[in-house]
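Residues 1 to 177 (the UniProt record's numbering) are what the sequence shown spells out, left to right.
Backbone N, C-alpha and C fix where the C-beta goes; we use that ideal spot for every residue, glycine too.
All values derive from a computational prediction rather than experimental measurement.
Report on the following structure.
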Amino acid sequence: MTEIRTPRLLLRRWHDDDLVPMAEINGDHEVMRWIDDGSPLDLEATAEAIERWEEEWDDEGFGLFAVELLASGELIGFTGLSVPEFLPEVLPAVEISWRLGRQFWGQGYASEAAHATLEFALQDRGLDRVVAISRLGDEASENVMNKLGMSLDHETRHPVHGHSLTVHSIDLTEFDA
């Protein structure tokens, strides 16, 4: 089982008892504001998502980590790697992404978890390039991308929802692990 410890976080595979707290995060309109069409996800949709994330671990050898606080064991969201099949123009590519509960914003957790995920991508999975995709105007995600050393690759449109997206990338051979 793949686990990564940072000074404050544990990145790990998903457990059954992660469903309810992740559904609470996915059910927050403000958290989901920048995701897909901006609609929150209910318990059933979250369960389906976690199942897909776990399948990607089996299929690709990477996936989305559940992120918990080491101090309390509380699930605060996810970070990890996935294949961005929703945006065929960037394929083949591996995307880094993150989503945290609102009460955990602004404390550096997303950057800490994402940095550890990039180290995992480079050192454990041998990837040489990773992209991050966000909606235009999502300044919090842009800040994390900048902290990771990612640079703007191009802008495009979401193929289903039509809103503007930014695609950032990083060459992991230049990543400061």
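#### Entry: Cβ neighbours of W105 in the same chain (closer than 8 Å, five flanking residues each side left out)
As a working note, residue 105 is residue 105 in the sequence shown. Result list for W105: A140, in chain order.
### Query
Leaving out five residues before and five after S111 in sequence, what residues of the same chain have Cβ atoms less than 6 Å from its Cβ?
Start at 1 with the first residue of the sequence shown, and residue 111 comes out as number 111. Around S111: V144, K147.
### Query
Name the DSSP bridge partner or partners of A71?
Within the sequence shown, numbered from 1, the residue matching residue 71 stands at position 71. DSSP output for A71 lists no bridge partner at all.
### Query
Which residues mark the beginning and the end of the beta strand (DSSP E) in which W98 is found?
On the sequence shown, residue 98 is found 98 positions in, with the first residue counted as 1. Per DSSP, the continuous beta strand (DSSP E) segment holding W98 begins and ends at 95-100.
#### Entry: Minimum C-alpha distance to L136 - residue among W53, A113, R52, D36
Here residue 136 is taken as the residue at index 136 of the sequence shown, counted from 1. Put simply, of W53, A113, R52, D36 the residue whose alpha carbon is nearest the alpha carbon of L136 is D36.
### Task
For R13, name the three-state secondary structure that DSSP assigns.
Reading the sequence shown from its first residue, position 13 is the one you call residue 13. If DSSP states are grouped into helix, strand and coil, R13 belongs with coil.
### Message
Looking at the strands, I want to know which residues DSSP matches up with R5.
### Response
Along the sequence shown, read from residue 1 onward, the residue named residue 5 stands at position 5. Per DSSP, L10.
### Task
Enumerate in chain order the residues of its own chain whose CB-to-CB distance from H158 is below 7 Å, with the five nearest sequence positions on each side excluded.
In the sequence shown, the residue the question calls residue 158 occupies position 158. Closer than 7 Å at the Cβ level, and outside the excluded window around H158, lie L165.
### Message
Out of L127, V83, P7, which one is the CA nearest neighbour of D59?
### Response
Here the question's residue 59 lines up with position 59 in the sequence shown. Here the closest residue by C-alpha is V83.
### Task
Note the first and the last residue of the continuous alpha helix (DSSP H) segment covering V20.
Translated into positions along the sequence shown, residue 20 becomes position 20. Element bounds for V20: 19-26.
#### Entry: Three-state secondary structure (DSSP) of E139
Working through the sequence shown from its first residue, we reach residue 139 at position 139. Correct three-state label for E139: helix.
### Query
In the DSSP assignment, what residue or residues form a beta bridge with V130?
Looking up residue 130 in the sequence shown gives position 130. Beta-bridge pairing links V130 to I170.
### Task
Compute the Euclidean distance between the alpha carbons of H15 and A113, then round it to the nearest angstrom.
Taking the first residue of the sequence shown as position 1, residue 15 is located at position 15. Taking the first residue of the sequence shown as position 1, residue 113 is located at position 113. When only Cα atoms are considered, H15 and A113 end up about 18 Å apart.
### Query
When you compare only the Cα positions, how much space is there between L11 and L100?
Here residue 11 refers to the residue found at position 11 of the sequence shown. Here residue 100 refers to the residue found at position 100 of the sequence shown. The alpha-carbon atoms of L11 and L100 are separated by roughly 13 Å.
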